[in-house]
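Peer 1: Let me begin by handing over the structure; questions about it come next.
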Amino acid sequence: MATNNHDYEQVHLNDDDADSESIELVQGRRLQRTLGSGPSAESTTSSSSSTIVRWVIISFLMVGMYMLGMKQGKSDVLDDKGTKQHKNKDKHKNYGTSFTLERVQNTRQAALNLINMLQEYYGGKEQSEKMMLQSWLQPWDFDNATDMTGMVDKMVDTMARALVTDDQKEFIIGTIGSSVAAGHDNCNYDSYELQMERTFGPVWEAAGMKLTCQNAGEGGGCGDDFANQVFCIQQNVSPDIDIAHYTWTYFEAGGPASAKALVMRESLARWAQMLPHQPPVHVYNTGKMNRYQGDEHQLAEHMSEFGYNAFYMTSGLYNGGFDYDAAKEDGVDHLGWGHVGDGYHNVTRYGENESSPERKESLGTVMRNWHPGPLAFQFVSDTFSYIYSQAMIRALDLIESDLKNGIDPAEKWAASKRKIQIKSSLPPPKFCDPLYCVVDEAPGCINFEKPTYGWWGARVEDPDDSLNPHKGEVQNWEVWHVDEPIWRGVSKQDQIFFEDRDDKEICRHLDACGGISATSKDSGSVVFRLPKQEVGLVVICGCCGKQVGTEMILNNTNIEISYNGEVLDRNAWDIWPNGKCVRLMKKFDANVAKATTGHNYLKIEALENLSSPVRISHVKVKEEFEVEGDDDFDTKIRNRPGATVQHLLDEAALILSAD
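Quick note: the sequence shown, position 194, residue 194 per full-length UniProt numbering, numbers continuous.
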């Protein structure tokens with residue numbers, strides 16, 4: 001068995017918390033000894049029976065306290081130093097949250113430790129805030145009231161509800177995006193999501209919770225892009241995410257895609273508010289922000305009160321004061337492919353003590369190619385961690401104020417007290433088609449690709465299910481996945497370093513193409529069971545190629561598609577939302593077959609002469625909507641400056657179904 005030269009585990013900020021906790025615990029013991037001192041001098045043997053009764057009562061109390069301590073929830077983690085005791089325990093015993101003043105103080109200290117460390121690391125408070133707060137479409141200001149105060153309030157509200165809600169054990173940040181999000185050309189361990197877990201995670205641990213960063217980023221091989229993946233927000237990541245990250249910006253480059261991207265971004269930002277935790281959507285862009293971002297800036301203003309904003313990584317690096325342009329003129333391109341050192345640091349913090357020169361050099365890489373390297377990803381992780389810690393401190397101030405004033409924070413901040421959002425709660429859409437984005441429910445989606453973390457909004461029906469309208473017919477479509485090798489998408493430097501190590505699996509990327517497929521008429525049919533629908537959009541996409549929708553589906557007479565038992569008219573289909581996809585139905589009309597069992601069924605059947613595989617990777621379902629859409633919406637998008645609907649990689653099969 002190989003021996004590891006370096007343990008890649010959580011990086012602790014410092015030991016200040018442990019020291020302060022030890023003092024509190026010692027004081028707690030002293031308090032317990034005072035309260036639990038022995039009988040007084042006046043006690044006599046004649047009171048022995050009374051003493052026995054007291055000890056019985058005390059025993060029951062101790063058992064009760066033990067059972068209470070064992071109760072699941074955000075309870076204090078006990079260590080071998082003793083237990084924590086809050087002096088105002090009785091005052092707060094009936095509160096709807098176990099988030100005590102002591103927990104407030106511990107969490108605040110952890111957040112302050114992180115903020116102070118990052119400020120020191122990036123050259124002081126002023127420079128840190130220029131780099132991390134001012135590199136967004138809407139700069140963050142946590143100290144002063146601005147036009148964007150609603151954006152800050154949304155973040156503070158998000159933190160407060162997570163902290164106070166006892167049955168929430170995790171704070172989840174879910175990322176959808178391209179190979180940038182996936183961390184390709186790096187060891188997966190060095191992706192910004194996993195760096196953020198290690199950097200920001202200790203703050204949540206102090207709160208008695210766990211930070212989880214779900215990474216649903218994927219490479220281009222499956223053919224997906226933002227146009228189809230935003231519909232799958234509830235399955236690609238958990239529907240219970242607290243913050244959503246969107247990292248599809250490489251696919252938005254250029255006029256043809258930019259306007260379509262704003263349509264999908266606004267749709268995502270609106271749908272997110274229909275999820276249980278109403279997460280803000282934060283866009284991560286690797287590039288440099290122009291002075292005027294036009295429509296993108298308008299969208300950020302339009303949705304700011306719901307927390308929507310966009311971060312520009314390269315702008316943040318420039319904001320620190322390093323003159324990248326002058327350095328490049330002198331022959332050193334710090335942002336060029338493979339360069340080590342970003343002008344501020346030459347290696348990640350966790351690589352400072354790395355003994356391997358090759359691994360240390362890898363950890364100092366800013367841009368591998370078009371993909372960021374570990375050092376750039378560290379800056380991204382630090383930026384999100386810095387902003388979220390600032391929001392957490394403001395949330396803790398509000399919780400502490402309630403506790404000190406005898407107010408139960410749960411009455412205000414528990415998740416159950418969150419105001420329900422419906423389509424009328426949001427402003428009219430600025431870019432997205434109201435037919436699809438003005439809804440009361442976020443889309444649901446089946447996605448056969450990897451990874452997924454969420455809820456399957458539809459399912460492949462059991463061929464023998466009594467409600468399956470096609471029971472008795474051949475239904476032999478098979479689920480498949482590409483078996484990716486461990487070193488796919490990992491830099492050669494890191495392959496060499498990790499190949500003989502026991503922990504090499506930390507480099508493996510999570511994304512893999514997949515779907516459900518038919519190869520001949522012997523495959524029969526696949527039947528998808530959809531939730532009850534009132535109005536519907538149905539789209540299926542083929543895998544894999546930029547324009548396979550036409551050959552694989554639109555003009556493929558060797559498949560037949562039916563909805564609730566009725567064959568759909570091929571002449572009504574069109575290519576949408578990109579070249580891989582075919583829209584079978586835009587919405588329900590009087591001619592669409594009605595469901596007979598409370599569910600709608602979509603059937604795709606392989607016919608006699610099928611010789612090339614047909615593959616489906618997604619099924620998407622949306623809730624009822626009432627706003628009539630504009631039949632000319634796509635035409636209007638095309639006619640906007642620099643906007644046409646083309647922009648595509650091969651798309652891994654999609655069925656979009658919107659009720």
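C-beta atoms are modelled at their ideal positions from N, C-alpha and C, and glycine is treated no differently.
1. Give me, in chain order, the residues of the same chain whose beta-carbon lies closer than 6 Å to that of Ser-523; leave out the 5 immediate sequence neighbours on both sides.
2. Exposed or buried, what is Asp-90 when buried is set at 16 or more other beta-carbons lying within 10 Å of its beta-carbon?
3. For Asn-309, which three-state DSSP category applies?
4. What residue from Met-274, Gly-208 and Ser-179 has the CA that sits closest to Tyr-246's CA?
5. Just to confirm the assignment: which complete beta strand (DSSP E) runs, minimum length 3, are found wholly within the segment 452-496?
6. Given a cut-off of 8 Å, decide if Ser-385 and Thr-199 are closer than it, judged by their beta-carbon atoms.
7. So is Ala-253 buried or exposed if we call it buried at 16+ other beta carbons inside 10 Å?
8. Taking three-plus beta-carbon pairs below 8 Å as touching, is the segment 204-219 in contact with the segment 466-476?
9. Which partner residues does Arg-529 have in the DSSP bridge list?
10. Return yes when the Cβ of Asp-166 is within less than 8 Å of the Cβ of Ser-98, no when it is not.
11. Can you tell me where the alpha helix (DSSP H) holding Ile-176 begins and where it ends?
12. Could you check whether the segment 282-291 touches the segment 139-158, counting it as contact only if at least three pairs of C-beta atoms, one from each stretch, sit closer than 8 Å?
13. So is Lys-586 buried or exposed if we call it buried at 16+ other beta carbons inside 10 Å?
14. For the beta strand (DSSP E) that contains Ile-506, what are its first and last residues?
15. Are the segment 339-355 and the segment 317-325 touching, with three or more C-beta to C-beta distances below 8 Å?
16. Does DSSP classify Pro-202 as helix, strand or coil?
17. May I ask which residues mark the beginning and end of the alpha helix (DSSP H) holding Asn-228?
18. I need the boundaries of the alpha helix (DSSP H) containing Leu-101, first residue and last residue.
19. Hey, is the segment 217-229 in contact with the segment 509-523, meaning 3+ C-beta pairs nearer than 8 Å?
20. Can you check whether the CB of Ile-233 is closer than 8 Å to the CB of Ile-173?
21. At what residues does the alpha helix (DSSP H) containing Val-539 begin and finish?
22. In the DSSP assignment, find the unbroken beta strand (DSSP E) run with Gln-214 in it and report its ends.
23. Would you list the residues sitting across from Cys-581 in a DSSP beta bridge?
24. Take Ser-520 and list the residues in its own chain whose beta-carbon comes closer than 6 Å to its own, dropping the five residues that flank it on each side.
25. At a cut-off of 7 Å, would you count Arg-508 as near the ligand GTP, judging by its Cβ distance to the nearest heavy atom?
26. Contact check, Gln-119 vs Ile-446 under 8 Å by CB: the rounded distance?
27. Under a three-way DSSP split, which group does His-277 fall into?
28. Nearest-angstrom Cα distance between Pro-409 and Ala-572?
29. Please report the Cβ distance between Ser-617 and Cys-543, rounded to the nearest whole angstrom; I am assuming they are in contact, meaning their Cβ atoms lie under 8 Å.
30. Could you please give me the residues that DSSP links to Trp-337 through a beta bridge?
31. Using only the alpha-carbon positions, how far apart do Ala-415 and Glu-329 sit?
32. Rounded C-beta distance between Leu-602 and Leu-530? I'm assuming under 8 Å.
33. When we look at the beta-carbon of Gly-549 and count the other beta-carbons within 10 Å, is it buried (16 or more) or exposed?
34. Taking only runs that begin and end inside the segment 425-452, name each unbroken beta strand (DSSP E) of 3 or more residues, in chain order.
35. My assumption, with CB atoms under 8 Å, is that Tyr-312 sits in contact with Ala-269. Please give the rounded CB distance.
36. Less than 6 Å between C-beta atoms, sequence neighbours within five positions excluded: which residues of the same chain meet that for Asp-574?
Peer 2: The answer reads as follows:
1. Counting from one through the sequence shown, the residue named residue 523 turns up at place 523. Taking Ser-523 as the centre and dropping the five residues before and after it, the same chain places the C-beta of Asn-476, Trp-477 and Ala-606 closer than 6 Å to its C-beta, in chain order.
2. Taking the sequence shown and counting its residues from 1, one reaches residue 90 at position 90. Because the pLDDT of Asp-90 is 39, which lies under 50, any placement of that residue in the model is unreliable, and the number read from its coordinates should be weighed accordingly. By the 10 Å Cβ count, Asp-90 comes out exposed.
3. Here residue 309 is taken as the residue at index 309 of the sequence shown, counted from 1. Here Asn-309 sits in strand by DSSP.
4. Counting from 1 along the sequence shown, the entry for residue 246 is found at position 246. Ranking the options by Cα distance to Tyr-246, first place goes to Ser-179.
5. The qualifying runs are 478-481.
6. Indexing the sequence shown from 1 puts residue 199 at position 199. Indexing the sequence shown from 1 puts residue 385 at position 385. Judged by beta-carbon spacing, Ser-385 lies within the 8 Å limit of Thr-199, meaning their Cβ atoms are closer than that value.
7. Taking the first residue of the sequence shown as position 1, residue 253 is located at position 253. It counts as exposed.
8. No contact exists between the segment 204-219 and the segment 466-476.
9. As a first step, residue 529 must be located in the sequence shown, where it is residue number 529. BP columns for Arg-529 point to Arg-459 and Tyr-601.
10. Position 98 of the sequence shown, counted from the first residue, corresponds to residue 98. Position 166 of the sequence shown, counted from the first residue, corresponds to residue 166. Cβ atoms of Ser-98 and Asp-166: closer than 8 Å.
11. As a first step, residue 176 must be located in the sequence shown, where it is residue number 176. Premise fails: Ile-176 lies in the beta strand (DSSP E), 170-177, not in any alpha helix (DSSP H).
12. Segments in contact, no.
13. Against the sequence shown, residue 586 aligns to sequence position 586. Buried, by the Cβ-count rule.
14. Position 506 of the sequence shown, counted from the start, is the residue given in the question as residue 506. It is not in any beta strand (DSSP E) - Ile-506 carries neither H nor E in the DSSP assignment.
15. Short answer: they touch.
16. On the sequence shown, residue 202 is found 202 positions in, with the first residue counted as 1. Annotated three-state conformation of Pro-202 is helix, per DSSP.
17. Within the sequence shown, the letter at position 228 stands for residue 228. Residues 226-229.
18. Here residue 101 refers to the residue found at position 101 when the sequence shown is read from its first residue. Start and end: 101-121.
19. Per the Cβ contact rule, the segment 217-229 is in contact with the segment 509-523 (3 or more Cβ pairs under 8 Å).
20. To locate residue 173, count along the sequence shown from 1; it is residue 173. To locate residue 233, count along the sequence shown from 1; it is residue 233. No, the pair does not count as a contact, with Cβ atoms beyond the cut-off.
21. Counting from one through the sequence shown, the residue named residue 539 turns up at place 539. Looking at the DSSP string, Val-539 is not in any alpha helix (DSSP H); the run it does join, the beta strand (DSSP E), is 538-541.
22. Your numbering for residue 214 matches position 214 in the sequence shown. Under the DSSP assignment, Gln-214 falls in the beta strand (DSSP E) whose first and last residues are 210-217.
23. Within the sequence shown, the letter at position 581 stands for residue 581. Bridge partners of Cys-581: Cys-541.
24. Counted from its first residue, the sequence shown places residue 520 at position 520. Once the five neighbours on either side are set aside, the close Cβ partners of Ser-520 are Leu-610.
25. For the structure depicted, the ligand GTP is absent and the ligand set is empty, with no information on it obtainable.
26. Locating residue 119 in the sequence shown gives position 119, counting from the first residue. Locating residue 446 in the sequence shown gives position 446, counting from the first residue. Between Gln-119 and Ile-446 a beta carbon distance of about 45 Å is seen, past the 8 Å cut, so the two are scored as non-contacting.
27. Looking up residue 277 in the sequence shown gives position 277. Correct three-state label for His-277: coil.
28. Working through the sequence shown from its first residue, we reach residue 409 at position 409. Working through the sequence shown from its first residue, we reach residue 572 at position 572. Computed Cα separation, rounded: 55 Å.
29. By one-based count along the sequence shown, residue 617 stands at place 617. By one-based count along the sequence shown, residue 543 stands at place 543. About 6 Å separates the two Cβ atoms, so the contact holds.
30. Counting from 1 along the sequence shown, the entry for residue 337 is found at position 337. Beta-bridge pairing links Trp-337 to Met-367.
31. Position 415 of the sequence shown holds residue 415. Position 329 of the sequence shown holds residue 329. Distance between the alpha carbons of Ala-415 and Glu-329 is about 54 Å.
32. The residue you call residue 602 lines up with position 602 of the sequence shown. The residue you call residue 530 lines up with position 530 of the sequence shown. That belief holds up - the Cβ atoms of Leu-602 and Leu-530 are roughly 6 Å apart, short of 8 Å.
33. If you number the sequence shown from 1, residue 549 lands on position 549. Buried.
34. Counting whole runs of 3 or more residues, the segment 425-452 contains the beta strand (DSSP E) stretches 444-447.
35. If you number the sequence shown from 1, residue 312 lands on position 312. If you number the sequence shown from 1, residue 269 lands on position 269. Between Ala-269 and Tyr-312 the Cβ distance is about 18 Å, and since that is not below 8 Å, they are no contact.
36. In the sequence shown, residue 574 corresponds to position 574, counting from 1. The residues are Arg-583.
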